[in-house]
Amino acid sequence: MLKKKTALVLSLFGTLHLLCAQESKIYTHDNREYQQALTLYNNEQFQAAQAIFEQVQNSTKDLETEANSAYYVANAAVRLNQLGADKLMEDFVTNYPTSTKRNSAYADVAEYYFETGKYPYALKWYKKVDQSSLSRSEMDKFNFNYGYALYSSKNTTEAEKYLNKVTTSPVYGSQAKYYLGYISYEQNDYDAANQRFDQITDQKVLEEKLSYYQADLNFKLGKFEEAIALAKKQLPKADRAEKSELSKIIGESYFNLNQFDNAIPYLLEYKGVNGKWSNTDYYFLGYSYYKQGDFNNAIQQFNKIIGGTNSVSQNAYYHLAECYLELDKKPEALNAFRNASQMDFSPQIQKDAFLNYARLSYEIGNAYENAPSVLTNYLEKYPKDEHTAEIQELLVDSYITSRNFAGAMDLLEKNKSYASKATYQKVAFYRGVELFVSADYSGAINAFDKSIGSAEDPKFKARASFWKGEAEFNSNKFNEALKSYTEFQKNPHAKSTSESKDLDYNLAYTYFKLKQYTSAATSFNNYVASSTDTDKKHDAYLRLGDSYFVSSKYWPAIEAYNSALDDSGSEKDYAAFQKALSYGFVDRVATKIEELNSFVTKYPKSTLKDDVLFELANSYVRANKVDEGIRIYDKLISEYKGSTLVPQAIVRQGLVYYNSNRNEQALAKFKTVVRDYPNTQEAIQAVTTAKLIYVDLGRVNEYAEWVRGLDFVEVTDTELDNATYESADQKKLEGNTEQAIRGYEGYLKEFPKGIHALKANFNLAQLYYAKGDKDKALNFYKNVADRGASEYAEQSLTRVCEIYVGKGNYSTAIPFLEKLERTANIQQNVTFAQSNLMKGYFEQKDYNNTISYAEKVLATAKIDDRIKSDAQIMIARSAIKTNNEERAKEAYAKVLPIASGELAAEALYYDAYFKNKAQDFEASNTSVQKLAKDYSAYKEWGGKGLILMAKNFDALGDAYQATYILDSVIANFSQYPEIVASAKSEAFRIKSKEAKSNSSVNPEN
């Protein structure tokens, strides 16, 4: 509100009259110094006058001259603002009680302070004035001045008493009525204010001041047309500040008359208070644009309304949401509807906003709370709403679209009326697939059974049967899997599903696992005849060859392996090896040797090369080419020191020498095995065969002395050893797990270094692992792995790694993983070791090794997308940690198309992050919205994404969206303190910036 009270008072009173323009003539004759001082005083040379008056006061013998001098000394002190001036005036009154100036002293000082605008000082002196000594005209002046001083000091109650005393004064009446009216105006008593203003007759007062206040009064009384007329009349005479206020009155009056096109120009002319608008000011302009259909300009005004919690804000946010919808900005509309729905100033707006918020949450996703929760909350808040059926349907679909199938199942099993049986069937199916992907095969089977049991859609029944078979296969329930695959095969709708293309392949593998090799071969043949999947077709040819091979149908096996060799698959080395072995079984030894030699040339880096060399050496020996066989054994031993076949090759060399009566050379080989590979089956065989040689040579004592030095060989009753082990083994074959465990443990207790100690340790490990007691299994697996190369070593070492990795104990797992990587013959185990070494090194913050192993994993042929995404994520995370954002950006881009679950959420966040860095703010927001819609379960990434979105909106000039999002993060992500701290910091920055132009914004809130 514009206030010019001081200027008005000064224009009324003019300058203070000279206190003593004419003194008694006695002073002109008796005291020239006094007259000189008086002249200086009247010319406002108070310092010089005061000095002379002090001399006169101290030297004159005339009492009146002395009193008058003291009076002027005190008055000069007041005007010079000297310390102790008030006391000088008090002393004058006390010391000269008979002075003619005593009665006017207090009034003079009060009037001086009044005219200089020091109203609290004036009040102090007015209170001392003896009002009974004042004349009528002096009394009017006293009452007005005292009343105005009280008004200026905010004591309006007392001010009204004195101003009311002069309402009929011809001099002060109009001014008094003006201020009495203004007091009523400030107290929002507009009728009383109007009454006072209407009584004013002074044209000057009317012209200078009243037009503005009367315009504002009419506006506040709802007389908008009168307000417009009065304000427009005042505009040409108004100064810049008053023009701003008058424009506001005109603009808001047009607004209230629904003349929005007229309102806009005047609302734009308003300059605010101290250059700042309020939330309400932005609302008026924004709503005017909204009603004109100018949604872009409406948004620019509405989104400046930050942190509002009143009916104006609720209306603004609701209409802001509608503007966003008109421009197809649904994520922005979601936030605004949510904000409006959280306020209850207008229950109808709250409900309508909540309904739209729920619909949008379903349609585009929601980063603050998952869509099912929003829809459920709506149903709970408005249980008898006309939209109930619609929201129930959206609720079910929301679980499906957000991939929250567990939630959907829970909802539908509690509220069967929410959806049809067909919908339940589909939800159960997708829940089963979800559990299957997470390797919860038991849960998956249960879900697929529910889907099949609610079969309305025959196509989904077929699909559920297929995936149930997959889950059963992965649970090693091959008979049940065969039954499920057969059910799928019988379903007439099976051929129209995507799963049908893999049926023969899956059936074939199931038969293969059941050792029904003839049926397996038939299904593999069916598959290769129709498949276009290169990798699976190649694998099918291999397994077809294996099915024939184990059935002793070697010529068909050779044909199948040849087909695999003709393909572009990655396991041609396996096919070539198996083909060579097959030639051996059809008495084509020369061809077998030729194929094996060819293999060595063609596949020099194959993981099967040690097997090939071993088989080639054996073939030479069986073909009586002993020296060539020995040479190949030597090649194997020198080139593959870590291979489990090395001790076997040395034993084979020893046996060749033994059979050739080259006993010393044989003993040397057997002793090499015993020395380098103790505790292995080969070492025990070497000791046994060496014994025969020593006996043949008649050097039994030498044998006994040698054996006594071996800690893994006991001179014991071999029959008792065998009998004890076979007893435990029999219980295992019978399926009596507990008795088998007791038997094997009893055997190891009695024969810790027995003939079968290695196998007993392995069997115990396998039995405990199958029971789920991985801690007990671990020790036995380690016993086997620590004994060096054996047929059980790789599997045991892999299990040791799996158990430590499963516990997240990478520091302990790393040495075992490194050993597995070095020694494994199976590529899957190598990949397993490398992928977990990658994760282990990342956990230890060794980012260079992390990237190195990730690259090894990615270089491996035939790895699935899950492993690829793991590797790319490790590269990306390591690059982020080492500030190599370009490498991280490249890696996350590769993760995005293949990742699922939390890795996909992480990749999407960084997709948004790098787009924000590139100032592609709209695209960044699109990525955050996808993160919110498709991966709402991963709240931490969602929270980080929201902060990015807030930064994007701030950069796009939408402060409302930015601050609302940040305030929502602060309120809803307390479980992530770092995210909340980041949101608070960003919110304070943005609000501080907006507070410079919006008086309603408090950066601290």
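Counted the way mature numbering (1 follows the signal peptide of the UniProt record, and there is no 0) counts, the sequence shown spans residues -21 to -1, 1 to 984.
All C-beta atoms, glycine included, are put in the ideal place defined by N, C-alpha and C.
Values in this document were obtained by computation on a predicted structure and should not be read as measured data.
With a cutoff of 7 Å on beta-carbon distance, A84 and A101 are scored as not near each other.
DSSP, read as helix, strand or coil, puts N977 in strand. The three-state reading of DSSP puts V150 in coil, since its state is none of H, G, I, E or B. For K106, the three-state secondary structure derived from DSSP is coil. Within the region 437 to 470, the complete alpha helix (DSSP H) segments at least 4 residues long are 437 to 453, 457 to 469, listed from N- to C-terminus. A Cβ-Cβ distance of about 4 Å is found for the pair P626 and E661, placing them in contact under the 8 Å criterion. If you draw a straight line from the Cα of Y266 to the Cα of G411, it comes to about 51 Å. L882 counts as buried, since no fewer than 16 other beta carbons sit within 10 angstroms of its beta carbon. The region 320 to 328 makes no contact with the region 878 to 893, as fewer than three CB pairs between them are under 8 Å. Classified as buried, I854 has 16 or more neighbouring CB atoms from the shown chains inside 10 Å of its CB.
Per DSSP, reduced to three states, the secondary structure at K571 is helical. Between T810 and A295, the alpha-carbon positions lie close to 58 Å from each other.
For W256, DSSP records a beta bridge to N977. The count of Cβ pairs closer than 8 Å, one atom from the region 677 to 689 and one from the region 704 to 720, stays below three, leaving the stretches out of contact.
W920 sits buried, since 16 or more C-beta atoms from the chains shown fall within 10 Å of its C-beta.
One thing to note: A536 has its Cβ no nearer than 7 Å to the Cβ of G548.
Taking a 10 Å sphere around the C-beta of I734, we find 16 or more other C-beta atoms and assign the residue as buried. In this structure, I424 is the residue among F952, I424, F730 with its C-alpha nearest to the C-alpha of R442. The beta carbon of A764 is closer than 7 Å to those of A772, S775, L776, V779 in its chain, skipping five residues each way along the sequence. Here the alpha carbons of A155 and Q193 stand approximately 17 Å from one another.
Annotation: the continuous alpha helix (DSSP H) that includes R845 extends over 844 to 860. With respect to the C-alpha of K480, the residue from A500, A508, L461 having the closest C-alpha is A508.
Proximity to Y488 across K516, Q709, K469, H472 peaks at K516, based on C-alpha coordinates.
Rounded to whole angstroms, F316 and K835 show a C-alpha spacing of 50 Å.
Membership of Y939 in the alpha helix (DSSP H) is indicated by the continuous run 938 to 951. Contact annotation, A884 with Y914: C-beta distance approximately 4 Å; criterion of less than 8 Å satisfied.
In the three-state reduction of the DSSP assignment, V565 falls in the coil class, being assigned neither a helical nor a strand state. Three or more beta-carbon pairs drawn from the region 865 to 873 and the region 836 to 852 are found closer than 8 Å, and the two stretches are therefore classed as touching. In the DSSP annotation of this structure, the continuous segment of the alpha helix (DSSP H) that includes N47 starts and ends at 42 to 58. The DSSP assignment places complete alpha helix (DSSP H) segments of no fewer than 4 residues inside the region 650 to 726 at 660 to 676, 679 to 687, 697 to 712, in order along the chain. The beta carbon of D844 sits closer than 6 Å to the beta carbons of I877 from its chain, once the five residues preceding and following it are set aside; these are given in chain order. Across the structure, I379 and A719 are spaced so that their CA atoms are roughly 47 Å apart. Taking the Cα positions, L560 is about 6 Å away from K571. In this structure, the CA atom of I672 is about 31 Å from the CA atom of G563. Shown here for A56: same chain residues with a beta carbon closer than 6 Å to its own, the five before and five after excluded, namely A64, L67 in chain order. As for any alpha helix (DSSP H) of minimum length 4 sitting wholly inside the region 328 to 371, the runs are 350 to 360, ordered along the chain.
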